[in-house]
Amino acid sequence: MMSLFSPAGSHFRAVTTPKPRSSSEEDHTPSDTEADDTSILDENEGSIIMSLISQLSHRSCAVQALMNLVIYSAEQCNDAEERFIRILQYYLAGWHIKPKGVKKPYNPVLGEFFRCRYDYADGSQGFYIAEQVSHHPPISAFFYISPANRVSILGELRPKSRFLGNSVSTTMEGENRVTLLGLPDDGEYIITMPNMYARGILFGKMVLELGDTCIAKNEKNGMLCDIEFKTKGFWSGTYNAIAGRIRRNNLDVGELSGRWSHVMEIKSIKTGQKRVLFDAVKDGQNMAPKWVPPEDEQELNESRRLWQHLTTAIGRKDMQAATDAKSAVEDAQRERRKRLEESGEKHEPRFFVYKNGRWVIKLTLPSDPEEAMKEVRNWIFSTTPPGKAAP
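Okay, structure coming up:
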């Protein structure tokens, strides 16, 4: 995905320019890292905060491509505890996915959206839509559904960032709400997200980590899991470690351990037996292909078309042209917001609406999978003529 989940304000851009590094620092990762342990941020990035959120959003979007087989098998499982574990498997299976470095941040603009379709090996499909629904505060809403596989995910991201000396943190507020459409009595599986940290933003090599605790829960079946993403200590520890305890009705039933970039395991409290929850090294590349409309068929505020000149400049490594292209989009956005304020109008999101304290889709889903697929496809891929922005 482009930058739809990169919604921190543009006023951060000039704050984080790192000091020059020596050639030895620039050419090598920290001595205590492995090649796949961390995301090494490029020193030419205009905003570390933007890069953090962009990294997280890339993984969040990529998770959708891995999840269908896992969640489909969860729906076929009669045991509520095992279903919960398979939802955890879906969630943890995507964090190893990361872009090969981020060169220039894409600050999403109000009304920007990204849509795509996933084509699975069994002939079924999944559909994804994300939209920047608020600028102040920055909020991105997203929705994924595969009617044939009877699963949907609805959620939002509300990032907040702060500097911590030689590091910067991005708190990722918001949640994923997973629904097994064939098991309405289960209700929602709600999962929050870890925070992100970059160390070495002023000196040393910049290294990106996930940290802190997120929660997965299913209230209908009394299931809860606290998942700790561990940052590496200065003198000890390892990168990308996780730990967690699974509880059912306040009784411990399982333990999570391992590294989200390598192998994660689950241990049964009752039997003491361990099994692999996900092996990122062995199975991490099993992703479904994603289809995105060609840029010349996209609307003006669709992500890839909106930022095409910036993307082209980055590909040429022309940072001045990239800065100019980025500024052109942001200046147009500021002018649009000014017109809205002067007229007293408010921006109305196209795909989402705010109800009862959360962002939900502007679509009532039919219960029949075939009808639902038709409705979703028409809703997500309905379009204005190319070259025009949606109202």
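According to this note's numbering, the residues represented by the sequence shown are 149 to 539, in order. Each residue gets a CB set at the ideal place from its N, CA and C atoms; glycine is no exception.
Extent of the continuous beta strand (DSSP E) run through residue i
{"i": "S409", "result": "Where S409 is concerned, there is no enclosing beta strand (DSSP E), given that its DSSP letter is neither H nor E."}
{"i": "Q273", "result": "273-282"}
{"i": "K418", "result": "It is not in any beta strand (DSSP E) - K418 carries neither H nor E in the DSSP assignment."}
Residue range of the unbroken alpha helix (DSSP H) whose run includes residue i
{"i": "F426", "result": "Taken as a continuous stretch (DSSP letters only), F426 belongs to no alpha helix (DSSP H), being part of the beta strand (DSSP E) at 422-427."}
{"i": "E518", "result": "517-529"}
{"i": "Y292", "result": "Run containing Y292: none in the alpha helix (DSSP H); it sits in the beta strand (DSSP E), 287-294."}
{"i": "F500", "result": "Element bounds for F500: not the alpha helix (DSSP H) but the beta strand (DSSP E), 500-503."}
{"i": "R484", "result": "467-491"}
{"i": "Y239", "result": "228-240"}
Residues sharing a beta bridge with residue i, DSSP
{"i": "L312", "result": "S315"}
{"i": "M320", "result": "P307"}
{"i": "N366", "result": "M371"}
{"i": "T386", "result": "Paired residue(s): none; T386 is not in a bridge."}
{"i": "E450", "result": "F261"}
{"i": "S461", "result": "Reading the sequence as shown, one finds Ala at residue 461 and not Ser. Looking at the DSSP assignment, A461 forms no beta bridge with any residue, so it has no partner."}
{"i": "T579", "result": "Lying before the first or after the last residue shown, residue 579 is absent from the chain, which here runs from 149 to 539."}
Rounded separation between residue i and residue j - CA only
{"i": "Y337", "j": "K365", "result": "6 Å"}
{"i": "R263", "j": "F275", "result": "8 Å"}
{"i": "S288", "j": "D360", "result": "22 Å"}
{"i": "N324", "j": "L302", "result": "6 Å"}
{"i": "D466", "j": "Q456", "result": "14 Å"}
{"i": "R310", "j": "T379", "result": "17 Å"}
{"i": "E413", "j": "L236", "result": "11 Å"}
{"i": "Q446", "j": "T459", "result": "15 Å"}
{"i": "V524", "j": "Y268", "result": "17 Å"}
{"i": "T90", "j": "R407", "result": "Any property of residue 90 remains undetermined from this structure, which presents the chain solely from 149 to 539."}
{"i": "L404", "j": "G432", "result": "18 Å"}
{"i": "R393", "j": "E230", "result": "14 Å"}
Cβ-based burial, residue i [other Cβ within 10 Å; buried from 16]
{"i": "K252", "result": "Any answer about K252 is weak, because its pLDDT of 44 lies below 50 and its placement is not dependable; what the coordinates show is given next. K252 is buried by the Cβ-count criterion."}
{"i": "Q481", "result": "buried"}
{"i": "S202", "result": "Because S202 sits at a pLDDT of 46, beneath the cut-off of 50, its placement in the model cannot be relied upon, and the following sentence gives the value as read from the coordinates. Answer is buried; the Cβ neighbour count reaches 16."}
{"i": "P307", "result": "buried"}
{"i": "P285", "result": "exposed"}
{"i": "N504", "result": "exposed"}
Residue i versus the options, residue with shortest Cα-Cα distance
{"i": "F377", "options": "F232, A228, I277, H244", "result": "H244"}
{"i": "E478", "options": "R487, L312, L329, P256", "result": "P256"}
{"i": "G335", "options": "G259, C362, M344, K368", "result": "K368"}
{"i": "V326", "options": "D267, F351, R298", "result": "R298"}
{"i": "N526", "options": "M320, T460, E229, I277", "result": "I277"}
{"i": "N434", "options": "F232, Q421, G348, Y266", "result": "Y266"}
{"i": "P514", "options": "L399, N226, I462, P295", "result": "P295"}
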